[in-house]
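Below you'll find the structure, written out as structure tokens, and then a few comments.
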Amino acid sequence: MAETTLSEHFNQDFELIYANSPALKKEGFKIRHAVYAEELAWEKTQSNSLETDKYDAYSFSLLLRHKRTGIYAGTIRLILPPSNLLGKEGISLPCEEHYSISLFEKAGTADKQPKGAYGEVSRLAIPEQFRKRFCEKENSGAQGKEPVEINASMEARCHFPSIAIGLYLGVIAFSKIYNYASLFVVIEPRLKKRLERFGLIFEQIGDEIEHHGMRALFCLSRASFESECSADVLELFYSIEQKLIKQVDSVP
Numbered sequence: 684m685a686e687t688t689l690s691e692h693f694n695q696d697f698e699l700i701y702a703n704s705p706a707l708k709k710e711g712f713k714i715r716h717a718v719y720a721e722e723l724a725w726e727k728t729q730s731n732s733l734e735t736d737k738y739d740a741y742s743f744s745l746l747l748r749h750k751r752t753g754i755y756a757g758t759i760r761l762i763l764p765p766s767n768l769l770g771k772e773g774i775s776l777p778c779e780e781h782y783s784i785s786l787f788e789k790a791g792t793a794d795k796q797p798k799g800a801y802g803e804v805s806r807l808a809i810p811e812q813f814r815k816r817f818c819e820k821e822n823s824g825a826q827g828k829e830p831v832e833i834n835a836s837m838e839a840r841c842h843f844p845s846i847a848i849g850l851y852l853g854v855i856a857f858s859k860i861y862n863y864a865s866l867f868v869v870i871e872p873r874l875k876k877r878l879e880r881f882g883l884i885f886e887q888i889g890d891e892i893e894h895h896g897m898r899a900l901f902c903l904s905r906a907s908f909e910s911e912c913s914a915d916v917l918e919l920f921y922s923i924e925q926k927l928i929k930q931v932d933s934v935p
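Here the sequence shown stands for residues 684 to 935, where the numbers follow this note's numbering.
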């Protein structure tokens, strides 16, 4: 019997949903509030239980749905400032509040990154109850205060890596659909190493800073990802890409 591929395994359990309606966006805001405000207390709790900020006005959000239960198992957003708004007051990326714009222009070895050629990945959130549902109970406290970390020894016995990798591949696919060359993300270096196991090669371009733990600015080149990624991860990526293209094309 042929071994199940990464793509087959993922698509059996999950599907990525483009949050292209107010109702779907609200589902993502609920997850973000549950994780970032209620669980971690990094943001203020809101009476409507929705976590939003100014960047949502020019962001694309994705949801990951667990097929068997219909539960939304996570969310992530890709901030892509429209080119016609660049330079206007208040139009920026979250990471630009902590790092000099010159870092973005120097990123990458082949092409510089002029403002407008890149976006930022942020607000990856996976509900605590969903993590515990699929992870061994004895290890459920291993995450501490980090919403996107998990004990490495659990990876083979838990859906959590599939959730995180699926969401990251989703935003990479979105950047390709909208022809953005690079993505930036501020994450813990240890999470970067974990993602690299799956072929997501990030280049660190900024020093570590204290922001809910030590984090650094990383760049992911879409072209480098497709040329350097392993065959099994690329198979999953192209599967996700084709499904998202259909969802984008269906938007009036």
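By construction, the Cβ of each residue, glycine as well, lies at the ideal position given by its N, Cα and C atoms.
Self-check item: Reference LEU776; option with closest CA among GLY896, GLU726 and VAL804
Solution: VAL804
Quiz item: Quick one: complete beta strand (DSSP E) runs, 3+ long, within the stretch 693-719?
Solution: 697-701
Quiz item: Shortest alpha-carbon distance to ILE774 belongs to which of GLY802, GLU710, HIS895 and LEU874?
Solution: GLY802
Quiz item: Alpha carbon to alpha carbon, what distance is there between ILE714 and THR752?
Solution: 16 Å
Self-check item: ALA724 burial status per 10 Å Cβ neighbour count (16 or more: buried)
Solution: exposed
Quiz item: From which residue to which residue does the alpha helix (DSSP H) around ARG760 run?
Solution: Counting along the chain, ARG760 falls outside any alpha helix (DSSP H), though it belongs to the beta strand (DSSP E) covering 755-762.
Quiz item: My guess is that SER910 and SER865 are in contact by the Cβ rule of under 8 Å, so how many angstroms apart are they, rounded?
Solution: Wrong, their Cβ atoms sit about 14 Å apart, outside the cutoff.
Self-check item: ARG806 (DSSP reduced to helix, strand or coil)
Solution: strand
Exercise. Assign LYS708 to buried or exposed, taking buried as 16 or more other Cβ atoms, counted over all protein chains shown, within 10 Å of its Cβ.
Key: buried
Practice problem: Would you decide whether LEU927 is buried or exposed? Buried here means 16 or more other CB atoms lie within 10 Å of its CB. | Solution: buried
Self-check item: Which of helix, strand or coil DSSP assigns to ARG873
Solution: helix
Quiz item: With 16 other CB atoms within 10 Å as the buried threshold, where does THR792 fall?
Solution: Summary for THR792: the model assigns pLDDT 39, below 50, so the residue's position carries little reliability; its value from the coordinates is reported in the next sentence. Answer is exposed; the Cβ neighbour count stays below 16.
Quiz prompt | Option in ILE884, ASP739, THR758 and CYS778 with minimal Cα separation from LEU745 | solution = THR758
Exercise. Leaving out five residues on either side along the sequence, give the residues of the same chain with a beta carbon under 6 Å from the beta carbon of ALA702.
Key: LYS708, GLY711, SER744 and LEU746
Quiz prompt | Contact set for GLU886: own chain, Cβ-Cβ below 6 Å, skip 5 residues either direction | solution = CYS902
Quiz item: Between which two residues does the beta strand (DSSP E) containing ALA899 stretch?
Solution: 897-904
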